[in-house]
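Right, one structure below, let's go through it.
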């Protein structure tokens, strides 16, 4: 059953990474893409919606990392699972948001 903990840590890292752009954009008062925009993920949502969405992602990330299994930051495999989830989501977001904001231009 330990592999389920690693899956949970991976997903928790992904949720925490997803929280960052939404929460920061909302805190700075900027509109940003969210699943609640029209069209979803491409249109802009208000800064308040993004703060709420970012907070939700933080809460889910916390539950998946801290409340599932026995996460130990000193255990390399636990930290690696969460770190890989964070890296995976960060790369995915860079590609999606890069298309919308010009960040995926060649070289």
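Residue numbers (the numbering used here): 13 to 119. From the three backbone atoms N, C-alpha and C, an ideal C-beta is built for every residue, glycine too.
- the segment 66-77 contacting the segment 18-29, beta-carbon criterion three pairs below 8 Å: yes
- Task: Drop a sphere of 10 angstroms on the beta-carbon of residue 98, count the other beta-carbons inside from all chains shown, and report buried for 16 or more, exposed for fewer.
- Result: buried
- Task: Report buried or exposed for residue 33, applying the criterion of at least 16 other Cβ atoms within 10 angstroms of its Cβ.
- Result: buried
- Beta-carbon proximity check, residue 66 vs residue 35, cutoff 8 Å: yes
- Span of the alpha helix (DSSP H), counted from its first residue to its last, around residue 93: 88-113
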